[in-house]
Amino acid sequence: MNAAETLTTDHSKAVADGSHTHGTGPGFAIPAKSRAERPTSFEPADFPMPTGREEDWRFTPLARLGTALDDVPVDRTAEWSVNPIPAGVSITQIEGADAQLRAVRAPSDRAGAIASARAVRNLLLAVAPGTVVPRPVEIEIAGVGGAVRGHLTAEVGDGAEVTVILTYTGEVELSEFVSIEIAPRARVNLVIIDECASETVHLQDIVVRVGRDAHLRASLVTLGSGLARTNTSVMLSGEGAELDLFGLYFADSGQHIENRVFVDHIAPRCRSRVAFKGALAGQTARTVWIGDVLIRAAAEGTDTYELNRNLLLTEGARADSVPNLEIETGEIAGAGHASATGRFDDEQMFYLQSRGIPEDEARRMVVRGFFADLVRQIGVASVEQGLMRAIDRELGVAHE
Amino acid sequence: MSTLEIRGLKVSVDTKEGTKPILRGVDLTIKSGETHAIMGPNGSGKSTLAYSLAGHPKYKVTDGSVTLDGQDVLAMKVDERARAGLFLAMQYPVEVPGVSVSNFLRTAKTAVAGEAPKLRTWIKEVKEAMDNLKMDPAFAERNVNEGFSGGEKKRHEILQMELLAPKFAILDETDSGLDIDALRVVSEGVNRAKAATGAGVLLITHYTRILRYIDADFVHVFVDGQIAEQGGPELADSLEAEGYDRFLAKA
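What follows is the structure in structure tokens.
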């Protein structure tokens, strides 16, 4: 849609009606198959080179992906720095074959399969069972040019509690496969922040399995990179597992930010909340949000809600938003989604300015306000404060 | 002593059918401490006058002038008008998600006063003003106008009038949607703010009942984008008895 219209869907109380999909844009089509049937593999050859017509590639500007879809060796790595690793946490290098064996599921697209197959370094972050890690594990991954492929594995033991912050910076063509195992009763807060330079191509295929009564809170923040595409698949596979997934993005001219979310309700009585919010500023700013939720036949008592909101700050920016809910059982507690993309609200600006607040400051208040509830959900004070400053900086850039 | 002077003001809005003139030449002078009631039937242009004075971009001024102590108001941006001393209490205040009332009030006060208010006295001042308007203290942490009832929105508007202390306050149908208790509380707020600051008030209303609580020095009847008749408080009484029919018949 363009900036002149506002599109809203709100199905806060969806029912079991099989597939339930909406979308906008010229390429919109109901997926041919259930999300459950999408192939997964570690073998790049199992995924043909995309043409751009495939359901999972139709929004992505393939020409800007560089070599990320080429199944060829690379020799570069990104620079890792980690704050002093707390007791009970370990970060070690493992063999590629071992990394693939440990994966909770194989990659779901060609980029993910190549990222794992061609990874130069396979790292394993492990948290011992029962460990309550007192402070966040902070990892900075700095691109220093070139093509980088990576396979990152994280395993959080039974009943452990940990916060992990991954911050990406620098310039790089980075494609990663990330597998996260969250054992029963564990509590994980994962924050991923992309602040890469505008020349960066950043692809991530993230797969998480959440065990019985475990909880994942994850926040995906994308401010940087010229092209950022993140697949986030969360399998709620143990009874009573919970997911709170938040996404926050800000696209300027020339940026393409794509989030593809898949929440797989496998076990009974799991709860998922997904909320992504994005702001777009500039003629060629582009964002895509796909929110697939599958409630399998065994997942009785599921409670799920997903939301996407986009704020178009200028003419020309384009946001695609496609929520998709598949329900295979009628015995659920609740399932819904909402999607809205709208123009920057001139009436809000008028209201604030009519109280003497100058235009720049009024705009900052409105955009900060738009993101505020989401930022407060991250649960790491230093990240929350840093993010508000980063949003202010984005607004500064957008209006220079 | 300040003067807000409106001379020959003509205002149009753009509609699908083309440009539509709403105000057809308004003359009005308001001095500090005076209360002018603008009364008239729906669609007569009362709200257009309010929004035009505040500078809403939807309304295009095609002729005339507005000055505040000789300064050209029409040349000012929306925020500049507020800083010059104009305040508009809106009929339909706008929701601003994620912005708390306390943050909003402090930011507005800082902008209007030109410097941040001293924190301790400011908190006290806000609390007092809220108490006076019978507003729950928890109100300060809610998002601006989000989920407010009609009465809460109007109290919040008058709270701002009290705290921002404008030279001239334009109250656009502040009485609409209020029950009798809320109307009294809000009216008392207006009277208090006026007594404290000596502001001039332009009170726009469809009904006469708010004039039982707020004394108008002058009453202007607005019909078809112009002032059709002016008088003292007794004019409101005759409107109460006769309605607007005789003006509409004339128009």
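Chains as they are written, first to last, in this note's numbering: chain A, 16 to 415; chain B, 61 to 311.
We put the beta carbon where it would ideally sit given N, CA and C, even for glycine.
Are at least three pairs of beta-carbons, each pair with one atom in the region 367-378 of chain A and one in the region 387-403 of chain A, less than 8 Å apart? The region 367-378 of chain A vs the region 387-403 of chain A: no contact.
Taking a contact to mean a Cβ-Cβ separation below 8 Å, would you say Val5/A touches Leu205/A in this structure? Residue 5/A lies beyond the stretch modelled for chain A, which goes from 16 to 415, so this question has no answer here.
Checking contacts by CB at 8 Å: is Ala176/B closer than that to chain A? The residue given as residue 176/B occupies position 116 in the second sequence. No, Ala176/B lies away from the interface with chain A (no Cβ there is under 8 Å from its Cβ).
Coil, strand or helix - Ala175/A by DSSP: As a first step, residue 175/A is located in the first sequence; it is residue number 160 there, counting from the start. Assignment of Ala175/A by DSSP, reduced to helix, strand and coil, places it in the coil class.
Short CB-CB distance (under 8 Å) between Ala311/B and chain A: Taking the second sequence and counting its residues from 1, the one referred to as residue 311/B is at position 251. Note that Ala311/B scores 48 on pLDDT, short of 50, meaning its location in the model is unreliable; the coordinates nonetheless yield the value given after this. Taking 8 Å as the threshold, the shortest C-beta distance from Ala311/B to chain A does not fall below it.
Extent of the continuous beta strand (DSSP E) run through Gly93/B: In the second sequence, counting from the first residue as 1, residue 93/B sits at position 33. The continuous stretches of beta strand (DSSP E) do not include Gly93/B, and DSSP gives it neither H nor E.
The alpha helix (DSSP H) spanning Trp182/B covers which residue range? Here residue 182/B corresponds to residue number 122 of the second sequence, with the count starting at 1. 179-192 is the extent of the alpha helix (DSSP H) around Trp182/B.
Is the shortest distance between the beta-carbon of Leu322/A and the beta-carbons of chain B less than 8 Å? By 1-based counting over the first sequence, the position of residue 322/A is 307. Interface with chain B (8 Å Cβ-Cβ cutoff): Leu322/A is excluded.
Where the beta strand (DSSP E) containing Pro338/A begins and where it ends: For the purposes of this step, residue 338/A is taken as the residue at position 323 of the first sequence. Looking at the DSSP string, the run of the beta strand (DSSP E) that includes Pro338/A is 333-342.
Within-8 Å CB hit, Glu376/A to chain B: On the first sequence, position 361 is the one that residue 376/A refers to. Yes - at least one Cβ of chain B is within 8 Å of the one on Glu376/A.
Below 8 Å CB to CB, which residues in the same chain sit around Glu374/A once its five sequence neighbours on both sides are set aside? For the purposes of this step, residue 374/A is identified with residue 359 of the first sequence, where counting begins at 1. The residues are Met364, Gln368.
Between the region 348-380 of chain A and chain B, which residues of the former have a C-beta closer than 9 Å to a C-beta of the latter? Interface annotation for the region 348-380 of chain A against chain B: Asp360, Asp361, Glu362, Gln363, Met364, Phe365, Tyr366, Leu367, Gln368, Ser369, Arg370, Gly371, Ile372, Pro373, Glu374, Glu376, Ala377, Met380, criterion Cβ-Cβ distance under 9 Å.
Please name the residue in Asp307/A, Ala112/A, Gly351/A, Val382/A whose C-alpha comes closest to that of Thr70/A. Stepping through the first sequence from its first residue, residue 70/A is reached at position 55. It should be noted that the sequence gives Glu, not Thr, for residue 70/A. Put simply, of Asp307/A, Ala112/A, Gly351/A, Val382/A the residue whose alpha carbon is nearest the alpha carbon of Glu70/A is Asp307/A.
Here's a check: name, in chain order, each residue in its chain whose Cβ is nearer than 7 Å to the Cβ of Gly160/A, leaving out the five neighbours to either side. What you label residue 160/A is simply residue 145 of the first sequence in a count that begins at 1. Apart from the 5 residues on each side of it in sequence, Gly160/A sits with its Cβ closer than 7 Å to the Cβ of Glu186, Val187 in its chain, given in chain order.
So Thr237/A is in the beta strand (DSSP E); what residue range does that whole segment cover? Against the first sequence, residue 237/A aligns to sequence position 222. For Thr237/A, the enclosing beta strand (DSSP E) covers residues 230-237.
Since Val156/B contacts Phe164/B with CB under 8 Å, what's their CB separation in whole angstroms? In the second sequence, residue 156/B corresponds to position 96, counting from 1. In the second sequence, residue 164/B corresponds to position 104, counting from 1. In this structure, Val156/B and Phe164/B form a Cβ contact; the two beta carbons are roughly 7 Å apart against a cut-off of 8 Å.
Under 8 Å: do the region 207-219 of chain B and the region 242-249 of chain B share three or more Cβ pairs, one atom per stretch? Flag = yes, the region 207-219 of chain B and the region 242-249 of chain B touch.
Reduced DSSP secondary structure (H/G/I, E/B, other) of Asp74/B: As a first step, residue 74/B must be located in the second sequence, where it is residue number 14. Of the three classes helix, strand and coil, the one that applies to Asp74/B here is strand, per DSSP.
In whole angstroms, what separates the C-alpha of Thr82/A from that of Gly239/A? What you label residue 82/A is simply residue 67 of the first sequence in a count that begins at 1. What you label residue 239/A is simply residue 224 of the first sequence in a count that begins at 1. C-alpha separation (whole angstroms): 20 Å.
Would you kindly work out how many angstroms separate the C-alpha atoms of Ala44/A and Thr75/A, rounded to a whole number? Against the first sequence, residue 44/A aligns to sequence position 29. Against the first sequence, residue 75/A aligns to sequence position 60. Note that Ala44/A has pLDDT 41, beneath the 50 cutoff, so the model's placement of it is unreliable and the number below is only indicative. Straight-line Cα distance between these residues: approximately 16 Å.
Can you check whether the CB of Glu399/A is closer than 8 Å to the CB of His352/A? As a first step, residue 352/A is located in the first sequence; it is residue number 337 there, counting from the start. As a first step, residue 399/A is located in the first sequence; it is residue number 384 there, counting from the start. Between His352/A and Glu399/A, the C-beta spacing is not below 8 Å.
So is Arg143/B in contact with chain A if we call contact Cβ pairs under 8 Å? The residue labelled residue 143/B in the question sits at position 83 within the second sequence. At least one chain A Cβ lies under 8 Å of Arg143/B.
Going by the beta-carbon positions, is the gap between Ala189/B and Leu219/B smaller than 8 Å? What you label residue 189/B is simply residue 129 of the second sequence in a count that begins at 1. What you label residue 219/B is simply residue 159 of the second sequence in a count that begins at 1. Ala189/B is a Cβ neighbour of Leu219/B, given a cutoff of 8 Å.
Rounding to the nearest angstrom, what Cα-Cα distance links Thr36/A and Ser56/A in this structure? Within the first sequence, the letter at position 21 stands for residue 36/A. Within the first sequence, the letter at position 41 stands for residue 56/A. In this prediction, Thr36/A has a pLDDT of 41, which is less than 50 and means its spatial position is unreliable; what the coordinates show is noted afterwards. Approximately 26 Å between the Cα atoms of the pair.
Cβ-based neighbour list, Pro81/B, same chain, cut-off 6 Å, excluding 5 preceding and 5 following: As a position in the second sequence, residue 81/B is number 21, starting the count at 1. Correct list, in chain order: Ser72.
Of the residues Ser107/B, Thr79/B, Arg67/B, which one's Cα is nearest the Cα of Ile90/B? As a first step, residue 90/B is located in the second sequence; it is residue number 30 there, counting from the start. Comparing Cα positions, the closest option is Arg67/B.
Report yes or no: do three or more beta-carbon pairs, one from the region 209-228 of chain A and one from the region 239-256 of chain A, lie closer than 8 Å? Touching, per the Cβ criterion.
Can you tell me where the alpha helix (DSSP H) holding Arg166/B begins and where it ends? Translated into positions along the second sequence, residue 166/B becomes position 106. Where Arg166/B is concerned, the enclosing alpha helix (DSSP H) stretches over 161-173.
Could you confirm whether any beta carbon from chain B is found closer than 8 Å to the beta carbon of Ala44/A? Translated into positions along the first sequence, residue 44/A becomes position 29. Unreliable positioning characterises Ala44/A in this predicted model, as indicated by a pLDDT of 41, which lies under 50. A coordinate reading is not provided.
Report buried or exposed for Leu416/A, applying the criterion of at least 16 other Cβ atoms within 10 angstroms of its Cβ. An answer regarding residue 416/A cannot be provided, because it is not within the stretch 16 to 415 covered by chain A.
Interface flag, Ser234/A vs chain B, CB-CB below 8 Å: Taking the first sequence and counting its residues from 1, the one referred to as residue 234/A is at position 219. Not one chain B Cβ lies under 8 Å of Ser234/A.
Alpha helix (DSSP H) containing Arg378/A: first to last residue? Mapped onto the first sequence, residue 378/A falls at position 363. It spans 374-390 - the alpha helix (DSSP H) in which Arg378/A sits, taken as one unbroken run.
Cut-off 7 Å between Cβ atoms - residues of its own chain near Ala11/B, not counting five sequence neighbours on either side: Since the displayed chain B opens at 61 and closes at 311, residue 11/B lies outside it and no answer follows.
Rounded to whole angstroms, what is the Cα-Cα separation between Glu248/B and Val204/B? To locate residue 248/B, count along the second sequence from 1; it is residue 188. To locate residue 204/B, count along the second sequence from 1; it is residue 144. Taken atom to atom, the span from the alpha-carbon of Glu248/B to that of Val204/B is near 22 Å.
Extent of the continuous beta strand (DSSP E) to which Asp123/B belongs: Here residue 123/B is taken as the residue at index 63 of the second sequence, counted from 1. Asp123/B -> beta strand (DSSP E) spans 119-128.
Determine the burial state of Asp235/B: buried for a count of at least 16 other Cβ atoms within 10 Å of its Cβ, exposed for fewer. Here the question's residue 235/B lines up with position 175 in the second sequence. So Asp235/B counts as buried.
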